[in-house]
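These notes are about the structure you will find just below.
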Amino acid sequence: QKKEDLVELKARARLKDEIKTVINEILKGEDVRRVYFTQFLIQ
Numbered sequence: 040q041k042k043e044d045l046v047e048l049k050a051r052a053r054l055k056d057e058i059k060t061v062i063n064e065i066l067k068g069e070d071v072r073r074v075y076f077t078q079f080l081i082q
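Residue numbers (our numbering): 40 to 82.
Printed below as a string of structure tokens:
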């Protein structure tokens with residue numbers, strides 16, 4: 040992801056979906072429903 044893209048809320052939502060998908064593929068059978076960012080730092 041480009042840092043310029045992550046400033047937008049829609050881009051962060053897409054990143055959350057991508058993280059959720061990858062984790063669910065790794066866990067096989069477990070179901071991650073939501074991903075939360077407690078802090079979001081862009082460098």
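Ideal Cβ positions, reconstructed from N, Cα and C, are used throughout, including at glycine.
Boundaries (first-last residue) of the alpha helix (DSSP H) holding L54 = 48-66
message = Could you compute how far the alpha carbon of D70 sits from the alpha carbon of N63?
response = 6 Å
request  = Report yes if the C-beta distance between L45 and I81 is below 8 Å; otherwise report no.
outcome  = yes
query = Out of curiosity, what's the CA-to-CA distance linking V74 and V61?
reply = 12 Å
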